[in-house]
Every structure is written in structure tokens, then in C-alpha cells.
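Just so you know, the protein sequences line up as chains A and B, in that order.
One point on numbering: in the working numbering, the residue at position 137 of the first sequence is 195, and numbering is uninterrupted.
One point on numbering: in the working numbering, the residue at position 180 of the second sequence is 199, and numbering is uninterrupted.
Ideal Cβ placement from N, Cα and C applies to all residues, glycine included.
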Amino acid sequence: MHEWALAESVIVTAVDEIKNNKLKNISRIQVKVGELQQIDLGIFRFALENVLKSYALGMDIENIIVETDKSVLKCKVCGTEWSFSETLNRLQDDETEAIHFIPEVAHIYMRCPSCKSPDFDIIKGRGVWIDSIEGET
Amino acid sequence: MMDPRLGIINKRLENVKRIIAVSGGKGGIGKSSIASITALCLSKKGYKVGLLDLDFSGPSSHIILGIEGVYPEEEKGIIPPEVYGIRFMSIIYFAGNNPSPLRGNDVSNAIVELLAITLWGSLDVLIMDMPPGIGDAILDVIRLIKRMEFLIVTTQSKVATEVMKKEVKMLKELGIPIVGVLENMRIRELSSVEKEIEHFKVPMLGAIDFDTIFEDTIGDVDKILESGFAKQLQKIVYNQFT
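(1) Counting only beta-carbon separations shorter than 7 Å, does H32/A have a partner in chain B?
(2) When you compare the CB of S112/A with every CB in chain B, is at least one pair closer than 7 Å?
(3) Quick one: using the 10 Å Cβ neighbour count with 16 as the cut-off for buried, is S246/B buried or exposed?
(4) Would T261/B be called buried (16 or more neighbouring beta carbons within 10 Å of its own) or exposed?
(5) Would E65/A and L115/A qualify as a contact pair, given that the criterion is a beta-carbon distance under 7 Å?
(6) My output table needs one value for M20/B: the three-state DSSP class, helix, strand or coil.
(7) In the stretch 104 to 169 of chain A, which residue ranges form an unbroken beta strand (DSSP E) of at least 3 residues, counting only runs that do not cross its ends?
(8) Any beta carbon of chain B sitting closer than 7 Å to that of V135/A?
(9) Does the distance from the CB of K188/B to the CB of N29/B come in under 7 Å?
(10) From the DSSP output, in three-state form, read off L193/B for me.
(11) Bridge partners for E192/A per DSSP, in chain order?
(12) With the cut-off set at 7 Å, would you say N203/B and T180/B are in Cβ contact?
(13) Answer yes or no: does any C-beta atom of chain B fall closer than 7 Å to that of I122/A?
(14) Could you work out which residues of chain A lie near L73/B, taking near to mean beta carbons separated by less than 8 Å?
(15) Using the three-state DSSP reduction, which class does T137/B fall into: helix, strand or coil?
(16) What are the uninterrupted segments assigned as alpha helix (DSSP H) that are 4 or more residues long and contained completely in the stretch 198 to 223 of chain B, given in chain order?
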């Protein structure tokens, strides 16, 4: 349920955008949800809808577009690229849950499939990002 | 692209009256002991206290306080478990006893995530146990949190003092409040620490003698509170906070 905390961070950022850019309203928010964080999209959307109401942002939930971003991990030692979903079946439930909370702990539980190094970059698909916020001035 | 977590961090901390990072350039000078036992002393005095261990490579606060078998609760964020009256958050809940081989960018991201999703509620003081050095963790808390204050730990070793001075210099340059400098593990009465920080105009909080039996108390808060180390620290803490 920490999807709520992340949903709130999206809405608070939109509220800040209104203040900082003197916008009349927000018409569209495009959110990317990284595969690595394994966000429950149903809970995330439900949370967005509820937080949206509590901040009285006056926009329709349908105008918040949420897309999943496939992860790309790249080994710093041998250069191999892979994704979280390719190695998911090697992880225990408590390990995937830990990655859900703090995606960086992937370095503890995951290894490069080629050279077994924990030294890899999370190139994309880490967590929740706002791709764009559109509004009227 | 925007990172939505950055905008929520100060909201998460809005009901925390003071946020104090216990820092010091060198490793092994007792930062974690001072951070943990400061939190313990304040909690005993009735203060609402949080303790956040930001030393991801060598988290130690839970070892010092003997915290085990607890886990945060999930409720629209994560709520730190309360142990000895201290709301305690650490990467150990997610990393267990495994090594955390994190590079700088990963450290930053993990700090941002912890700060964005942790629901501290209302606190009188949040103590942060910082890793050694003036790298990612310090730069991030300064960047992300308004109202940061620093308590700087050193020993009378020339090596530790020189590194401490670098940190004090940086914090002064950035206009970050310094609660003061605390000398730990004093082995000789004659110490140059006070003189070394004189020109920075930073308060000297006091000195704690090297306690040869402190190590035997680690993990047992009742024994810790009876130690010479804790008694001396308690006096300094109560002078500062009460």
C-alpha cells in the first residue's frame, strides 16, 4: 500500500506545478511506472483517484495516464543488459517485496545473468516518474 | 521527466520539529553510538523521537540498540516500528544482513525513496545516523530537507579532526546550522579539538571519555544506559535539548 505515498507524490507535484508556473489548471499528467518497483497499478490508480479528490485539483482521473516502463539493467563489469522480468523467477517473495519498497536493494538480491556481478546500472524502469504535466496558463 | 518524490519529502517531515544529522568525516568515531543513544536519552525524557539510519553500507543503529524482529507497517506509506519509544527506520528492513553494494546514484535514489514513503507522524526530533564522509548522503539531506541541522562528531585524533574541519567548513559555507561539535573517545585531558574549531565559531558541546567497557553493553539498552559513555552523553544531550 505504499502506492498511496507515491500517488500522493504525483498529485503534490502537480499542485506545485500550478503554483510555480501560475497555471489555471492541470489538463493531463503522464506517469511512468517502472517495472522494477512492481507497483500494483490497480491500487496506484485507486490511490491517485482518492488523493486527487483530497487535493481538489479539479481534474478528471482519466487525464492521468499511467504507463508501465520496462526495466533495463546493465552490468558495469561485462556490459550485459537484461530486464527485471527476465530474472524475476530467481527471486524469493521477500526479496521482490524488498525491491518493491526500495528498488535499489535489487543490487542485493539480483546478479548479472552473465558474470554474476551485483555492480549494475538501473538504466530505466526503476520507479514512479512524471513524464509530463500539461496545463493552461 | 520529473521525480515526484522530491516534492513530498518536506511534507512528510512537516510535523517534525527538529531534524538533526549526526555526522563526522571519519568512520569508527562513534557516530552511530551517539545518534542511537541520543535518540534513546531523548525518548526516555519523554520526547517523541525518530531515528533514521542512512548508513546503507554499514547500518549499525539497530545493532547498538538491539533492535530485531520488527518491521514497518504499510498504511498509505510505511510507518516505522516504535522500539524503546523511538520510531526507527533503516535499510535493514529491506536488506536484512546482506551487504549493500550501492553506487552513489543508487544511494541517492534509496535515500529519496525512504524519505518520500516514510510516515514519521509528529516528532519532537528526528535523528539521522549519517555514513562517514561528505558524499551522497550528506549532500542529499541538505538538498532535500529544509531545516537540517548537524551535530558533528570527532575524536582528538589529528586525522579525525582534520576531516571534521572539512565538513564544518562545507556546512558553514552552505549556511547549514551546526548544533555543535562533540568530541568522542577522549583518551587524554589535553585536547586540541576546541582550539581547532574556534575560528569556525561553532559551539563545542562537550567531550566523552573513551569507555573501555562500552563495547560489552552493545545490544542491551539497560546496560548501555548504565555505561559511562551513555551517562556523559546524556548530560550533554539534556543540556542541549531540555
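This is what the structure holds:
(1) The displayed coordinates of chain A run from 59 to 195. Any statement about residue 32/A would go beyond what the structure contains.
(2) no
(3) buried
(4) exposed
(5) Before going further, note that residue 65/A is Ala rather than Glu in the sequence given. Not in contact: A65/A and L115/A (Cβ atoms no closer than 7 Å).
(6) coil
(7) Entirely contained in the stretch 104 to 169 of chain A, the beta strand (DSSP E) runs reaching 3 residues are, in chain order, 122 to 127, 130 to 133.
(8) no
(9) no
(10) helix
(11) R86/A
(12) no
(13) No - not a single Cβ of chain B is within 7 Å of the one on I122/A.
(14) By Cβ distance, chain A contributes nothing, its closest Cβ being about 12 Å from L73/B, past 8 Å.
(15) strand
(16) 212 to 216
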